[in-house]
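Heads up: the structure comes next, in structure tokens.
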Amino acid sequence: MSEVAPAPAVAASPAKATKKKPAARPKRVGPSVSDLIVKAVAASKERSGVSLPALKKTLAADGYDVEKNNSRVKAAVRSLVSKGTLLQAKGTGASGSFKISKEAKKPCCRTNSYNICNIE
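Going by full-length UniProt numbering, the first residue of the sequence shown is number 1, and it counts up by one from there.
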């Protein structure tokens with residue numbers, strides 16, 4: 001008198017289950033660390049440049065989490081020095097004092113996709 005329900009059909013195979021991609025992180029909105037550093041050094045009135053601790057204080061005052069992103073700040077400073085945007089007045093690496101280079105100060109007129117300032 002007991003009726004047995006038929007077994008449900010087994011799925012094709014559990015190995016072929018579709019894999020879900022991990023959710024992509026939302027892109028951070030706002031200026032890059034390099035842009036913040038250049039803005040902070042340009043705003044400084046110090047003749048001898050801005051030291052790294054003073055630069056970190058300025059970034060922290062603007063709302064940037066310096067303790068969490070300390071390595072990014074150092075890497076950005078090194079990158080800006082190697083590009084020539086910042087001049088290193090004192091020290092080596094990411095330590096010392098930094099100024100804005102004269103080439104970075106003067107605005108360049110850009111038209112279309114090429115720079116017409118360097119054309120003679």
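Just so it is clear, CB atoms sit at the ideal spot from N, CA and C, and this is done for glycine as well.
In three-state terms, what does DSSP make of residue i?
| i | result |
| --- | --- |
| Lys90 | strand |
| Glu103 | helix |
| Glu120 | Low confidence applies here, because Glu120 scores a pLDDT of 45, under 50, leaving its location unreliable and the question unanswered by this model. |
In angstroms with no decimal places, state the Cα-to-Cα distance between residue i and residue j.
| i | j | result |
| --- | --- | --- |
| Glu103 | Thr85 | 7 Å |
| Ser48 | Ser71 | 24 Å |
| Lys68 | Ala5 | 59 Å |
| Leu55 | Pro22 | 36 Å |
| Lys57 | Lys27 | 25 Å |
| Gly91 | Ser97 | 7 Å |
| Glu120 | Val38 | Bear in mind that a pLDDT of 45 at Glu120, under 50, signals an unreliable position, so the number given afterwards is only what the model happens to contain. So the alpha carbons of these two residues sit roughly 29 Å apart. |
| Ser79 | Ala89 | 15 Å |
Between which two residues does the alpha helix (DSSP H) holding residue i run?
| i | result |
| --- | --- |
| Ser71 | Asn70 to Lys83 |
| residue 132 | This structure leaves residue 132 out entirely; the chain is present only between 1 and 120. |
Looking at the secondary structure, which residues open and close the beta strand (DSSP E) in which residue i lies?
| i | result |
| --- | --- |
| Ser34 | Taken as a continuous stretch (DSSP letters only), Ser34 belongs to no beta strand (DSSP E), being part of the alpha helix (DSSP H) at Val33 to Ala43. |
| Lys99 | Ser97 to Ile100 |
Below 8 Å on the Cβ atoms is my guess for residue i versus residue j; work out the distance and round it to an integer in Å.
| i | j | result |
| --- | --- | --- |
| Leu59 | Ala40 | 6 Å |
| Lys99 | Leu87 | 5 Å |
| Val29 | Ala76 | The pair is not a contact, with the Cβ atoms about 18 Å apart (cut-off 8 Å). |
Count the other C-beta atoms from every protein chain shown that fall within 10 angstroms of the C-beta of residue i, then say buried if there are 16 or more, exposed otherwise.
| i | result |
| --- | --- |
| Lys83 | exposed |
| Lys20 | exposed |
| Ala43 | exposed |
| Ala24 | exposed |
| Ala94 | buried |
Does residue i come within less than 9 Å of chain C when only Cβ atoms are used?
| i | result |
| --- | --- |
| Ala24 | In the structure shown, chain C cannot be found, because there is only a single protein chain. |
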